[in-house]
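Visitor: This structure is in structure tokens; I'll ask about it shortly.
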Amino acid sequence: MTELRSKAEHTEAIRRDRRIAVVINTRSRRGRRHYFEVLDQIHALGFEPLAEFSVVNPKRLRAHLDKALETKPDLLVVGGGDGTLSSAVRHVAHRDVALGVLPLGTTNNFARSLGLPLDLAGAIRVFDTGKVADIDLGMAEDRPFANLASFGVSVEVAGTVKPWLKRILGRPAYPLTALTILPGHKPFRAILTVDGKRHELLTDQLNIANGRFHGGWQVARDISIDNGMLVAYQLGSGKKLRLLGETLVRATTGRWRSLAGGPFVMGREMLLETEPPMAADVDGEVRLRTPIRLRVVPNGLRVMVPSEFEDS
């Protein structure tokens, strides 16, 4: 494992030496429209990027990230949606480089969990005035994730939601698409083992979160991306009318809840089994199937955050 500087030393190096590289997914919701604006604002703050990449073909994203890291920046600035940022997380994890986040997607869950401004000017200023923090990294088997692993109806939604609907509506596109899928969706049985205790439930949707936000809305007030814990929670209880109601409320209000209000299960490591076996959506990529073991790696990722972010 790479030896890391202290976070204070790392922050000072970014402010002093201005060694950054920039990778922007111009296929993301706002990436193409704001690409040159982003670069202009970065240069205006006195940064002269070691490399600047516009990702036109998403299949080339990982190659561009590798090339950007070859320049040995102190700060890797990545712009795009949560899928783009999840790829960046896998590249930066456990390395002596901080990830700078430009929220250019539809829901921007990761940026919200970091407390970043969602306007571009505000997010870019964080590179100049913020600090380096280390946050938790989720692991689904050997696959790192920043925000969320989900099972059930959301996997169908991710493969069904129309790009034009996301462009027009933004984050409400997801729950509204879910409303069209739910009537024909069958609930599944989930068996979750956490700290030796077995939890069994019937549901249409199960999420296991590292971050605080899902679909652009806060899951619960007291979830944190920096507390060394994963949180599992269900939407619905196998009853269609209840889940339809919950989805409609989330689509229209983005209601807040607290962990104290349940039903939530917290732990550092979780084993999930389902009947029948199911695909897992890990930060927007469907690559794994149940049974699946998930765990958290405390302080596994360095990020640039606002100075008021509470870094444990």
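Residue numbers (full-length UniProt numbering): 1 to 312.
In this text, a Cβ means the ideal position worked out from N, Cα and C, and glycines have one as well.
Predicted, not measured: the structure shown is a model, and the values here were computed from it.
In the structure shown, what three-state DSSP assignment does I191 receive?
Guide: Stepping through the sequence shown from its first residue, residue 191 is reached at position 191. In the structure shown, I191 sits in a strand (DSSP, three-state: E or B).
Visitor: With distances taken between CB atoms, is the gap from H214 to S150 smaller than 9 Å?
Guide: Position 214 of the sequence shown, counted from the start, is the residue given in the question as residue 214. Position 150 of the sequence shown, counted from the start, is the residue given in the question as residue 150. For H214 and S150, yes; Cβs fall inside 9 Å.
Visitor: Counting Cβ pairs closer than 8 Å, one from the segment 49-59 and one from the segment 100-116, do we hit at least three?
Guide: Contact between the segment 49-59 and the segment 100-116 is absent, because fewer than three Cβ pairs lie under 8 Å.
Visitor: Could you compute how far the alpha carbon of V194 sits from the alpha carbon of V265?
Guide: As a first step, residue 194 must be located in the sequence shown, where it is residue number 194. As a first step, residue 265 must be located in the sequence shown, where it is residue number 265. Whole-angstrom Cα-Cα distance: 8 Å.
Visitor: Only counting runs of 3 or more residues, tell me where the beta strand (DSSP E) segments fall wholly within the segment 75-123, in order along the chain.
Guide: Counting whole runs of 3 or more residues, the segment 75-123 contains the beta strand (DSSP E) stretches 75-80, 98-103.
Visitor: Compare the beta carbon distance of residue 317 and V155 with 9 Å and say whether it is the shorter of the two.
Guide: Residue coverage of the chain in this structure runs from 1 to 312, which leaves residue 317 outside it and unanswerable.
Visitor: Determine, using beta carbons only, whether V305 and V126 come nearer to each other than 9 Å.
Guide: In the sequence shown, counting from the first residue as 1, residue 305 sits at position 305. In the sequence shown, counting from the first residue as 1, residue 126 sits at position 126. Yes, these two residues count as a Cβ contact at 9 Å.
Visitor: Compute the beta-carbon to beta-carbon distance between G284 and S113, rounded to the nearest angstrom, for a pair I have assumed lies under 8 Å.
Guide: Stepping through the sequence shown from its first residue, residue 284 is reached at position 284. Stepping through the sequence shown from its first residue, residue 113 is reached at position 113. About 15 Å; that fails the 8 Å criterion.
Visitor: Residues in its own chain within less than 7 Å of G267 by CB, not counting five upstream and five downstream?
Guide: On the sequence shown, position 267 is the one that residue 267 refers to. Excluding positions up to five away in sequence, the list reads V194, D195, M229, L230.
Visitor: Could you pull out every residue in the same chain whose Cβ sits closer than 8 Å to the Cβ of R18, ignoring the five residues on either side in sequence?
Guide: Residue mapping note: residue 18 aligns to position 18 of the sequence shown, counting from 1. Excluding sequence neighbours, R18 sits near G46, F47, E48.
Visitor: What's the C-alpha gap between T84 and R189?
Guide: Indexing the sequence shown from 1 puts residue 84 at position 84. Indexing the sequence shown from 1 puts residue 189 at position 189. Cα to Cα, T84 sits roughly 31 Å from R189.
Visitor: How about D96 and H10: are their beta carbons less than 9 Å apart?
Guide: For the purposes of this step, residue 96 is identified with residue 96 of the sequence shown, where counting begins at 1. For the purposes of this step, residue 10 is identified with residue 10 of the sequence shown, where counting begins at 1. Yes, the pair counts as a contact, with Cβ atoms nearer than the cut-off.
Visitor: Return the bridge partner residues of H199 from the DSSP annotation.
Guide: In the sequence shown, residue 199 corresponds to position 199, counting from 1. DSSP lists L192 as partners of H199.
Visitor: Determine the direct distance from the alpha carbon of E3 to that of R16, and round the result to whole angstroms.
Guide: Within the sequence shown, residue 16 is the residue found at index 16, counting from 1. Within the sequence shown, residue 3 is the residue found at index 3, counting from 1. Each residue's Cα considered, the two are about 21 Å apart.
Visitor: Just list the residues that DSSP pairs E273 with in beta bridges.
Guide: In the sequence shown, the residue the question calls residue 273 occupies position 273. DSSP lists I191 as partners of E273.
Visitor: In chain order, what residues of the same chain lie with their CB nearer than 8 Å to the CB of V219, ignoring the 5 residues before and after it?
Guide: By one-based count along the sequence shown, residue 219 stands at place 219. These residues qualify, in order along the chain: N207, A209, R212, F213, V231, Y233, R257.
Visitor: Taking the straight line between their C-alpha atoms, what separation do you get for I24 and G80?
Guide: The count along the sequence shown starts at 1 and reaches residue 24 at position 24. The count along the sequence shown starts at 1 and reaches residue 80 at position 80. If I take the Cα positions, the gap works out to 6 Å.
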